[in-house]
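Here is the structure we will look at.
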Amino acid sequence: MDKLSSALAGGSGIFFIHVRFLGRFLAVLLLLLLLAGCRTREQKAPGANRPSGAVSEAGGSRAGVEPGRVSGPEPEERRLPGGFGLQLMIEGLEEPVYVTHAGDGSGRLFIVERRGKVRMFARGRLAEEPFADLSSLITHRGAEQGLLGMAFSPLYPEEPFVFFSYTARDGSSVLARFRVDPGDPGRVEPASREELLRVPQPYSNHNGGHIAFGPDGYLYFGLGDGGSAGDPQGNAQNPGLLLGKILRLDVSEEGRDKPEANRAQSREEEGREEKGYRLPPDNPFAGRPGWRPEIWALGLRNPWRFSFDRVTGDLYIADVGQDSREEINFEPAGSPGGRNYGWNAWEGTLRYRTDVKPGTPVTFPVAEYATRQEGCSVTGGYVYRGRRIPVLWGIYIFGDFCSGRIWGLRRTGGAWKMGRLLDTEARISSFGEDEEGELYVVDYGGRVLSFVPGDVPVPEELR
Ligand SMILES: [Ca+2]
Numbered sequence: 002m003d004k005l006s007s008a009l010a011g012g013s014g015i016f017f018i019h020v021r022f023l024g025r026f027l028a029v030l031l032l033l034l035l036l037a038g039c040r041t042r043e044q045k046a047p048g049a050n051r052p053s054g055a056v057s058e059a060g061g062s063r064a065g066v067e068p069g070r071v072s073g074p075e076p077e078e079r080r081l082p083g084g085f086g087l088q089l090m091i092e093g094l095e096e097p098v099y100v101t102h103a104g105d106g107s108g109r110l111f112i113v114e115r116r117g118k119v120r121m122f123a124r125g126r127l128a129e130e131p132f133a134d135l136s137s138l139i140t141h142r143g144a145e146q147g148l149l150g151m152a153f154s155p156l157y158p159e160e161p162f163v164f165f166s167y168t169a170r171d172g173s174s175v176l177a178r179f180r181v182d183p184g185d186p187g188r189v190e191p192a193s194r195e196e197l198l199r200v201p202q203p204y205s206n207h208n209g210g211h212i213a214f215g216p217d218g219y220l221y222f223g224l225g226d227g228g229s230a231g232d233p234q235g236n237a238q239n240p241g242l243l244l245g246k247i248l249r250l251d252v253s254e255e256g257r258d259k260p261e262a263n264r265a266q267s268r269e270e271e272g273r274e275e276k277g278y279r280l281p282p283d284n285p286f287a288g289r290p291g292w293r294p295e296i297w298a299l300g301l302r303n304p305w306r307f308s309f310d311r312v313t314g315d316l317y318i319a320d321v322g323q324d325s326r327e328e329i330n331f332e333p334a335g336s337p338g339g340r341n342y343g344w345n346a347w348e349g350t351l352r353y354r355t356d357v358k359p360g361t362p363v364t365f366p367v368a369e370y371a372t373r374q375e376g377c378s379v380t381g382g383y384v385y386r387g388r389r390i391p392v393l394w395g396i397y398i399f400g401d402f403c404s405g406r407i408w409g410l411r412r413t414g415g416a417w418k419m420g421r422l423l424d425t426e427a428r429i430s431s432f433g434e435d436e437e438g439e440l441y442v443v444d445y446g447g448r449v450l451s452f453v454p455g456d457v458p459v460p461e462e463l464r
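For the sequence shown, our numbering assigns the number 2 to the initial residue and increments by one for each residue that follows.
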């Protein structure tokens, strides 16, 4: 969700006034998902191979896909009459920006509120006491600042940790780890906070903030270009900075027990603070002079939500545009990483700064839409892998924060097809999955909606 403050001021019309006359600064603000399955420590240890085929052998209960059915409904089943709908599930939230699950079989949902609280939804009701309250640690003054990302350890509850990304009081982007209270799984221990990474932010907007574990067990952390408009400092193409990148970090307990080789390397390159993470040895730029070894992908403006397909391991990255193109990028499972998504030389498939020469080849989005015509700020979603709605199986579902429009995207025969699924009244700040792969929409106005079977048809091009 980018351009949030202007949307709050009354919608995209106001937004465009900002864009034109105030110099386009603007404002805003990412699941998780995990693994194609496996529950054992061995299988999910960081560095385990990412699934590389269309279908992995995984698909246990955690993925919500039965081992014998990892490919989902048969094609004819997807073509049966019927469609989908959206149903109100939770209301009364304050500026919710994300929903996720613990992966522990409890069926609980956790809703992230931008102002710092995490609410727990269990057995059909919202718990009164917050699961976590980071209000005192964060600032939410800028519309894109606040508590922005959350991910449980892929080994939770065996490793009882939950990770958050937020805007610290000094405006920096912070990645921190907390422990869940061993005596009360409905509460994190405030005093258990361990700060793993802090990245200074030159402006209040474009903080990215999404965190999600990949099927390889590593934590992916998206950071925006630092803000203002147009990336005036050239951060997204600067290999020596973490801004405008997706990082790949080893935050596992196992890694902590290993020799300090990686940690030492990182410390040396940084030249200052000790870090609470290790570097995966196969990160794409590890050891390359001038490059931060944490970088997985670069050339991003403000990645607002990315996700791994829980069946295939493919990665989808939504990147918010400046004022012309909202885009979806795709990275197939098994990719070695290192992709440059183009910003600020390119905005989607349009040239943005002709004087900026990307230092590595650019990967263009697989789908995009016009910023001023169909919305204002893309919100990335998930490939639907639930059981309730066979017609949606395998479709990547995403939306726009300002227009409330929801699209589907599917690759068939090597070609990407994008189709409109539904226009909503929601200010779509995020999508999220539960343990079973069922999908939810987060409405910044305070609600979580659930995808359910219904009478809204799925367009032919997506079937
Ligand atoms: Ca791009």
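Every residue, glycine too, gets a C-beta built ideally from N, C-alpha and C.
C-alpha gap between residue i and residue j, whole angstroms
i: residue 349; j: residue 381; result: 15 angstroms
i: residue 221; j: residue 103; result: 17 angstroms
i: residue 334; j: residue 411; result: 16 angstroms
i: residue 188; j: residue 362; result: 45 angstroms
i: residue 12; j: residue 314; result: Reliability fails at residue 12, whose pLDDT of 35 lies under 50, so the model's placement of it is uncertain and no value is given.
i: residue 194; j: residue 177; result: 7 angstroms
i: residue 206; j: residue 100; result: 22 angstroms
i: residue 83; j: residue 393; result: 11 angstroms
i: residue 130; j: residue 87; result: 27 angstroms
i: residue 476; j: residue 135; result: Residue 476 is absent from the structure shown; the chain starts at 2 and stops at 464.
i: residue 249; j: residue 165; result: 15 angstroms
i: residue 427; j: residue 414; result: 33 angstroms
i: residue 171; j: residue 138; result: 10 angstroms
i: residue 331; j: residue 148; result: 26 angstroms
i: residue 445; j: residue 290; result: 42 angstroms
i: residue 108; j: residue 439; result: 11 angstroms
i: residue 266; j: residue 213; result: Annotation note: pLDDT 44 at residue 266 (below 50); position unreliable, no value reported.
i: residue 150; j: residue 456; result: 33 angstroms
i: residue 196; j: residue 340; result: 28 angstroms
i: residue 173; j: residue 132; result: 24 angstroms
i: residue 198; j: residue 175; result: 6 angstroms
i: residue 242; j: residue 140; result: 23 angstroms
i: residue 184; j: residue 343; result: 47 angstroms
i: residue 307; j: residue 244; result: 16 angstroms
i: residue 211; j: residue 351; result: 25 angstroms
i: residue 116; j: residue 186; result: 22 angstroms
i: residue 416; j: residue 146; result: 37 angstroms
Closest Cα partner of residue i within the set the options
i: residue 371; options: 164, 346, 131 and 325; result: 325
i: residue 144; options: 250, 432 and 96; result: 96
i: residue 469; options: 167, 141, 113 and 369; result: In the structure displayed, the chain extends from 2 to 464; residue 469 sits before or after that span and is not available.
i: residue 391; options: 140, 251, 453 and 366; result: 453
i: residue 253; options: 306, 217 and 290; result: 217
i: residue 357; options: 237, 321, 306 and 432; result: 237
i: residue 127; options: 110, 133 and 241; result: 110
i: residue 364; options: 389, 388 and 338; result: 338
i: residue 209; options: 436, 430 and 435; result: 430
i: residue 424; options: 186, 239, 458 and 179; result: 458
i: residue 366; options: 389, 98, 347 and 329; result: 329
i: residue 311; options: 436, 115 and 351; result: 436
i: residue 294; options: 278, 308 and 309; result: 278
Chain-order list of residues whose beta-carbon lies under 8 angstroms from that of residue i (same chain, five-residue window excluded)
i: residue 231; result: 25, 323, 345, 353 and 354
i: residue 157; result: 103, 104, 105, 163 and 181
i: residue 169; result: 138, 139, 140, 175 and 199
Cβ shell of residue i (< 6 angstroms), same chain only, five flanking positions each side left out
i: residue 246; result: 224, 296 and 299
i: residue 397; result: 317, 384 and 410
i: residue 451; result: 88, 90 and 441
i: residue 74; result: 391 and 394
i: residue 460; result: 420
i: residue 292; result: 240 and 286
i: residue 118; result: 131 and 134
In DSSP terms, what residue i is bridged to
i: residue 420; result: 409
i: residue 369; result: 328
i: residue 246; result: 299
i: residue 90; result: Answer is none; residue 90 lacks a bridge partner.
i: residue 341; result: 299 and 363
i: residue 455; result: 84
i: residue 112; result: 100 and 120
i: residue 434; result: 440
i: residue 347; result: 352
i: residue 164; result: 152 and 178
Cutoff 7 angstroms; reference residue i; Cβ partners in own chain excluding five residues on either side
i: residue 463; result: 396, 409, 411, 418 and 420
i: residue 375; result: 401, 404 and 406
i: residue 92; result: 447 and 448
i: residue 234; result: 203 and 227
i: residue 321; result: 3, 302, 303, 305, 327, 378 and 379
i: residue 219; result: 47, 249, 250, 251 and 281
i: residue 153; result: 103, 104 and 163
Practice prompt. Would you check if there are 3 or more beta carbon pairs closer than 8 angstroms linking the segment 404-419 to the segment 281-288?
Written response: no
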